[in-house]
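*Asks:* Encoded as structure tokens, here's the structure I'll be asking about.
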Amino acid sequence: MRIIEKNASLVRSLTLAEEELLAGFAAGSLTGPAVLQANQMLMKVRSANQWLACDCRKDALPVLNIALNGDTGRLVLRNNPDTPEHTPGCPFSKDEREAEQSRQESTPPPAWLAPDTPLGLIGDFRKASEQGPAGPVNEAAERRAQQHLLSLLLTWIEISGLNVYASHLKKDLTAQFAELRSVASRYPLLERVPASNYLETRLDMKHMMMLKARLREATVFGNHRRHGLLLDCVDQIKGRKLFNARSEDGFDFQGHHLYWGGNRTSGPLLTLALYSPATAGSNFYELIHVASVPVLSRAHLFPVYRDEEREPLKALVSLIDWMASKGVKVLMRRPVIGGQVMDELVLTSDQDRVLSVSLLEQPVGPEPDTEHFKRYADFKSLETFRKFVAGFFMRER
Numbered sequence: 005m006r007i008i009e010k011n012a013s014l015v016r017s018l019t020l021a022e023e024e025l026l027a028g029f030a031a032g033s034l035t036g037p038a039v040l041q042a043n044q045m046l047m048k049v050r051s052a053n054q055w056l057a058c059d060c061r062k063d064a065l066p067v068l069n070i071a072l073n074g075d076t077g078r079l080v081l082r083n084n085p086d087t088p089e090h091t092p093g094c095p096f097s098k099d100e101r102e103a104e105q106s107r108q109e110s111t112p113p114p115a116w117l118a119p120d121t122p123l124g125l126i127g128d129f130r131k132a133s134e135q136g137p138a139g140p141v142n143e144a145a146e147r148r149a150q151q152h153l154l155s156l157l158l159t160w161i162e163i164s165g166l167n168v169y170a171s172h173l174k175k176d177l178t179a180q181f182a183e184l185r186s187v188a189s190r191y192p193l194l195e196r197v198p199a200s201n202y203l204e205t206r207l208d209m210k211h212m213m214m215l216k217a218r219l220r221e222a223t224v225f226g227n228h229r230r231h232g233l234l235l236d237c238v239d240q241i242k243g244r245k246l247f248n249a250r251s252e253d254g255f256d257f258q259g260h261h262l263y264w265g266g267n268r269t270s271g272p273l274l275t276l277a278l279y280s281p282a283t284a285g286s287n288f289y290e291l292i293h294v295a296s297v298p299v300l301s302r303a304h305l306f307p308v309y310r311d312e313e314r315e316p317l318k319a320l321v322s323l324i325d326w327m328a329s330k331g332v333k334v335l336m337r338r339p340v341i342g343g344q345v346m347d348e349l350v351l352t353s354d355q356d357r358v359l360s361v362s363l364l365e366q367p368v369g370p371e372p373d374t375e376h377f378k379r380y381a382d383f384k385s386l387e388t389f390r391k392f393v394a395g396f397f398m399r400e401r
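So in our numbering, the last spot in the sequence shown is 401, and the numbers never skip.
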């Protein structure tokens with residue numbers, strides 16, 4: 005095991021005693037002073053913005069980063085995404101990517117969140133007497149709180165109408181974010197603390213510092229953990245970093261990335277991030293958990309279920325605009341929460357014609373129970389699909 009810089013240059017190799025200490029930390033078998041010793045060592049590496057590289061393979065180095073769990077204030081070792089797997093039997097082979105997948109599978113789907121009810125997005129810090137070496141006291145409750153962040157983002161998308169498109173309802177980006185901020189005013193972080201009071205809709209250092217200043221001066225949180233929200237459209241989320249045009253290095257986050265539909269999708273992504281100190285008594289605020297939903301473009305925040313939908317979806321938007329110019333108003337709606345078939349798009353025209361389509365090669369869930377349902381994959385080309393949709397809504401007009 006060795007310590008490396010993020011450009012992969014060697015800092016130093018660990019001693020045998022240090023390797024044994026870290027193996028015990030990874031296995032959760034340390035007790036007494038060894039726990040403190042391991043944490044001090046890892047904190048030193050983390051503070052220097054360095055990584056650990058495992059020597060279990062001859063051909064490549066599996067890389068681990070040291071993260072701080074924002075809910076528990078505990079350090080954890082995580083395998084970097086897109087780096088080689090450890091050899092079987094390596095004490096560091098527990099893969100956070102597999103753990104994340106398992107966590108997603110065991111977590112209930114996002115649910116509608118009613119307005120005017122305190123959100124409880126993050127737990128309060130625990131007293132030392134309440135937290136043992138085994139980890140958090142109530143892991144299930146923390147998972148529900150994390151999932152709340154994705155539910156909140158999807159609920160805001162639904163209420164603000166971002167999942168609906170029609171030419172006469174078209175709004176520019178400023179208006180779309182104004183709708184989201186308006187919806188946020190109805191959702192309290194805590195009793196009588198509207199989320200909109202501690203929400204920034206631009207992810208950059210300036211707005212993070214503005215939010216931090218408001219949170220530090222706030223008295224409304226009382227004894228509860230101070231936290232706010234950052235909402236923006238980002239280019240991509242890779243590993244534990246958010247990337248947009250405002251920072252080449254990206255923005256680190258400490259917790260989990262919750263994503264819609266069970267599969268990671270490329271950007272642009274409408275992203276909601278939780279912003280709070282990671283440890284009790286700290287004045288250093290960090291991005292904790294992050295929830296994201298793919299959107300059609302940076303200017304049009306219509307939700308996209310999979311990457312393969314983007315081209316036909318853009319064609320549908322263009323077609324709806326063309327039909328509107330001919331006097332036929334068509335409205336397209338995508339269910340984002342509470343439905344069984346999230347890849348389904350429902351197109352309606354004056355409520356007298358309804359067409360349900362799936363743009364995926366392999367649709368998920370049961371086939372919608374409707375007379376007019378079509379799969380994009382059944383058409384020979386995008387042009388024949390466009391002609392069918394246009395004919396469906398415009399014949400006999």
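Ideal Cβ positions, reconstructed from N, Cα and C, are used throughout, including at glycine.
So what does DSSP say about Lys210, is it helix, strand or coil?
*Replies:* Taking the sequence shown and counting its residues from 1, the one referred to as residue 210 is at position 206. Helix.
*Asks:* If you check the beta carbons only, do Ser171 and Ala328 fall under 7 Å apart?
*Replies:* Counting from one through the sequence shown, the residue named residue 171 turns up at place 167. Counting from one through the sequence shown, the residue named residue 328 turns up at place 324. Yes; because the gap between Cβ atoms is below 7 Å, this pair is in contact.
*Asks:* Have a look at Asn84 and Leu56 and give me their C-alpha separation to the nearest angstrom.
*Replies:* Here residue 84 refers to the residue found at position 80 when the sequence shown is read from its first residue. Here residue 56 refers to the residue found at position 52 when the sequence shown is read from its first residue. Using only the alpha carbons, I get a separation of about 10 Å.
*Asks:* Going by beta-carbon coordinates alone, are Lys46 and Ile7 separated by less than 7 Å?
*Replies:* Locating residue 46 in the sequence shown gives position 42, where the first residue counts as 1. Locating residue 7 in the sequence shown gives position 3, where the first residue counts as 1. Lys is not the amino acid found at residue 46; the sequence shown has Leu there. Contact: no.
*Asks:* Once you ignore the five residues that flank Leu14 on each side, which residues in its own chain have a CB closer than 7 Å to its CB?
*Replies:* If you number the sequence shown from 1, residue 14 lands on position 10. Counting only Cβ-Cβ distances below 7 Å, and skipping sequence neighbours, we find Arg6, Ile8.
*Asks:* Compute the Euclidean distance between the alpha carbons of Glu387 and Asp356, then round it to the nearest angstrom.
*Replies:* In the sequence shown, residue 387 corresponds to position 383, counting from 1. In the sequence shown, residue 356 corresponds to position 352, counting from 1. Between Glu387 and Asp356, the C-alpha separation is close to 25 Å.
*Asks:* By alpha-carbon positions, which one of Gly36, Cys237, Glu252 ends up nearest to Ser270?
*Replies:* Along the sequence shown, read from residue 1 onward, the residue named residue 270 stands at position 266. Nearest option by C-alpha distance: Cys237.
*Asks:* Exposed or buried, what is Ala295 when buried is set at 16 or more other beta-carbons lying within 10 Å of its beta-carbon?
*Replies:* Counting from 1 along the sequence shown, the entry for residue 295 is found at position 291. Buried, by the Cβ-count rule.
*Asks:* Flag this pair as yes or no: are the beta carbons of Tyr380 and Asp347 separated by less than 7 Å?
*Replies:* Position 376 of the sequence shown, counted from the first residue, corresponds to residue 380. Position 343 of the sequence shown, counted from the first residue, corresponds to residue 347. Not a contact, by the Cβ cut-off of 7 Å.
*Asks:* With distance defined between alpha-carbon atoms, name the residue in Asn267, Leu234, Leu154 nearest to Tyr202.
*Replies:* Here residue 202 corresponds to residue number 198 of the sequence shown, with the count starting at 1. Ranking the options by Cα distance to Tyr202, first place goes to Leu234.
*Asks:* What is the DSSP secondary structure of Arg314, reduced to helix, strand or coil?
*Replies:* If you number the sequence shown from 1, residue 314 lands on position 310. Three-state DSSP puts Arg314 in a helix.
*Asks:* Would you call the CB atoms of Ala118 and Pro88 closer than 7 Å?
*Replies:* As a first step, residue 118 must be located in the sequence shown, where it is residue number 114. As a first step, residue 88 must be located in the sequence shown, where it is residue number 84. No, the Cβ-Cβ distance between Ala118 and Pro88 is not below 7 Å.
*Asks:* For the candidate residues Gly36, Val332, Cys60, Val321, whose alpha-carbon lies nearest to that of Gly395?
*Replies:* Locating residue 395 in the sequence shown gives position 391, where the first residue counts as 1. Looking at the Cα atoms, Val332 is the closest of the given residues.
*Asks:* Excluding the five sequence neighbours on either side, which residues of its own chain have a C-beta within less than 7 Å of the C-beta of Ser110, listed in chain order?
*Replies:* Reading the sequence shown from its first residue, position 106 is the one you call residue 110. No answer about Ser110 holds up, because its pLDDT of 47 lies below 50 and its placement is not dependable.
*Asks:* In chain order, what residues of the same chain lie with their CB nearer than 7 Å to the CB of Leu177, ignoring the 5 residues before and after it?
*Replies:* The residue given as residue 177 occupies position 173 in the sequence shown. Result list for Leu177: Ala303, in chain order.
*Asks:* Let me know the beta strand (DSSP E) ranges lying completely inside the region 237–277, each 3 residues or longer, listed in chain order.
*Replies:* List check, beta strand (DSSP E) in window: 240–242, 245–248, 251–256, 261–263.
*Asks:* Would DSSP call Thr178 helix, strand or coil?
*Replies:* Start at 1 with the first residue of the sequence shown, and residue 178 comes out as number 174. Correct three-state label for Thr178: helix.
*Asks:* How big is the Cα-Cα spacing for Pro95 and Leu335?
*Replies:* Within the sequence shown, residue 95 is the residue found at index 91, counting from 1. Within the sequence shown, residue 335 is the residue found at index 331, counting from 1. Whole-angstrom Cα-Cα distance: 55 Å.
*Asks:* Is it buried or exposed for Trp160, if we count other Cβ within 10 angstroms and need 16 for buried?
*Replies:* Here residue 160 is taken as the residue at index 156 of the sequence shown, counted from 1. Flag for Trp160 reads buried.
*Asks:* Mind reading off the beta-carbon distance from Leu273 to Leu125? Whole number of angstroms is fine, and I expect it under 8 Å.
*Replies:* As a working mapping, residue 273 is identified with position 269 in the sequence shown. As a working mapping, residue 125 is identified with position 121 in the sequence shown. So it is not a contact: roughly 19 Å between Cβ atoms.
*Asks:* From the DSSP secondary-structure annotation, give me the bridge partner or partners of Tyr309.
*Replies:* For this step, residue 309 is matched to residue 305 along the sequence shown. For Tyr309, which the question treats as bridged, DSSP gives no partner whatsoever.
*Asks:* Check whether the Cβ atoms of Thr374 and Ser360 lie closer than 7 Å to each other.
*Replies:* Start at 1 with the first residue of the sequence shown, and residue 374 comes out as number 370. Start at 1 with the first residue of the sequence shown, and residue 360 comes out as number 356. Yes, the pair counts as a contact, with Cβ atoms nearer than the cut-off.
*Asks:* For His152, count neighbouring C-beta atoms within 10 Å of its own C-beta (all shown protein chains included) and say buried if the count is 16 or more, exposed if not.
*Replies:* By one-based count along the sequence shown, residue 152 stands at place 148. With 16 or more other Cβ atoms within 10 Å, it is buried.
*Asks:* Bridge partners for Leu323 per DSSP, in chain order?
*Replies:* Position 319 of the sequence shown, counted from the start, is the residue given in the question as residue 323. For Leu323, which the question treats as bridged, DSSP gives no partner whatsoever.
*Asks:* Rounded to the nearest angstrom, what separates Leu323 and Arg314 at their Cα positions?
*Replies:* For this step, residue 323 is matched to residue 319 along the sequence shown. For this step, residue 314 is matched to residue 310 along the sequence shown. Computed Cα separation, rounded: 14 Å.
*Asks:* Determine the burial state of Pro114: buried for a count of at least 16 other Cβ atoms within 10 Å of its Cβ, exposed for fewer.
*Replies:* Within the sequence shown, numbered from 1, the residue matching residue 114 stands at position 110. Buried, since its Cβ has 16 or more Cβ neighbours within 10 Å.
*Asks:* For the candidate residues Leu300, His293, Tyr169, whose alpha-carbon lies nearest to that of Arg244?
*Replies:* Numbered from 1 along the sequence shown, position 240 holds the residue referred to as residue 244. Nearest option by C-alpha distance: His293.
*Asks:* Name the two residues that bound the continuous beta strand (DSSP E) containing Thr352.
*Replies:* By one-based count along the sequence shown, residue 352 stands at place 348. Where Thr352 is concerned, the enclosing beta strand (DSSP E) stretches over 348–353.
*Asks:* Excluding the 5 residues preceding and the 5 following Leu79 in the sequence, name in chain order all residues of the same chain whose CB lies nearer than 8 Å to its CB.
*Replies:* Taking the first residue of the sequence shown as 1, we reach residue 79 at position 75. Result list for Leu79: Asn43, Leu46, Met47, Arg50, Ile70, Ala71, Leu72, Asn73, in chain order.
*Asks:* Starting from Met336, follow the alpha helix (DSSP H) in both directions and report where the run begins and ends.
*Replies:* If you number the sequence shown from 1, residue 336 lands on position 332. Run containing Met336: none in the alpha helix (DSSP H); it sits in the beta strand (DSSP E), 335–337.
*Asks:* If you follow the alpha helix (DSSP H) that Leu37 is part of, which residue opens it and which one closes it?
*Replies:* On the sequence shown, position 33 is the one that residue 37 refers to. Looking at the sequence itself, residue 37 is Pro, so the reference to Leu does not match. 37–51 is the span of the alpha helix (DSSP H), which, as asked, contains Pro37.
*Asks:* Are Asp239 and Asn227 close, meaning C-beta to C-beta below 7 Å?
*Replies:* Counted from its first residue, the sequence shown places residue 239 at position 235. Counted from its first residue, the sequence shown places residue 227 at position 223. Result no, Cβ atoms of Asp239 and Asn227 do not sit closer than 7 Å.
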